[in-house]
Amino acid sequence: MREYKLVVLGSGGVGKSALTVQFVQGIFAEKYDPTIEDSYRKQVEIDSQQCMLEILDTAGTEQFTAMRDLYMKNGQGFLLVYSITSQATFTDLNDLRKQILRVKDVDEFPLVLVGNKCDLEDERSVGTEQGRNLANEWKCHFAETSAKTKSNVNECHYTLTCTPLKLGIQF
1 MREYKLVVLG
11 SGGVGKSALT
21 VQFVQGIFAE
31 KYDPTIEDSY
41 RKQVEIDSQQ
51 CMLEILDTAG
61 TEQFTAMRDL
71 YMKNGQGFLL
81 VYSITSQATF
91 TDLNDLRKQI
101 LRVKDVDEFP
111 LVLVGNKCDL
121 EDERSVGTEQ
131 GRNLANEWKC
141 HFAETSAKTK
151 SNVNECHYTL
161 TCTPLKLGIQ
171 F
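Reading the sequence shown from the start, the letters are residues 1 to 171 in the working numbering.
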């Protein structure tokens, strides 16, 4: 069975853990509990093949940046997550992407740009078009999600898993 190592990155409080737990366990936790590092496994079917996803849910705080290089080196696909309610979390992703490119020493890698918390439309500060434009610039997929309502949660994980196959990346 093929295994894929997916890494979820973004600033603190954007919903990385909520997205991951919703995808793996189908649960939404209202309470915010900052993550240091959690790893989840889920078996899925991609293109009629059974695959095991290992999803690394990372810390969003600066104090754990030293651990990020290792995640980035070993990761095969990345969800870069921001909150649509925070422009700063959107801006932070550019540095994360540059760090992945540097650590992996590649020109491109499987990536989905994720604008989370789309259920909080009234609090939106990052427009859908901003996300779409950045994804076009980075030549990656884009999705707006809500871990709370399950909107696009499965789709962004499946898209990320299919991308390496389309790029011809071997696992």
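The beta carbon of each residue, even a glycine, is placed where N, CA and C say it ideally should be.
Proximity of the stretch 89–99 to the stretch 38–47 falls short of the contact definition, fewer than three beta-carbon pairs being nearer than 8 Å.
Residue 70 sits exposed, since fewer than 16 C-beta atoms from the chains shown fall within 10 Å of its C-beta. Distance from the CA atom of residue 11 to the CA atom of residue 52, rounded to whole angstroms, is 26 Å. In the structure shown, residue 27 adopts coil according to DSSP, grouped into three states.
Taking the Cα positions, residue 118 is about 12 Å away from residue 131. Look at residue 17 here: in three-state DSSP terms it is helix. Within the DSSP secondary-structure output, residue 141 pairs in a beta bridge with 112. Of the residues 39, 43, 74 and 155, the one whose Cα lies closest to the Cα of residue 105 is 74.
C-alpha of residue 146 to C-alpha of residue 57: approximately 17 Å in a straight line.
Within its own chain, the residues whose Cβ lies closer than 7 Å to the Cβ of residue 27, once the five positions on either side in sequence are excluded, are 21, listed in chain order.
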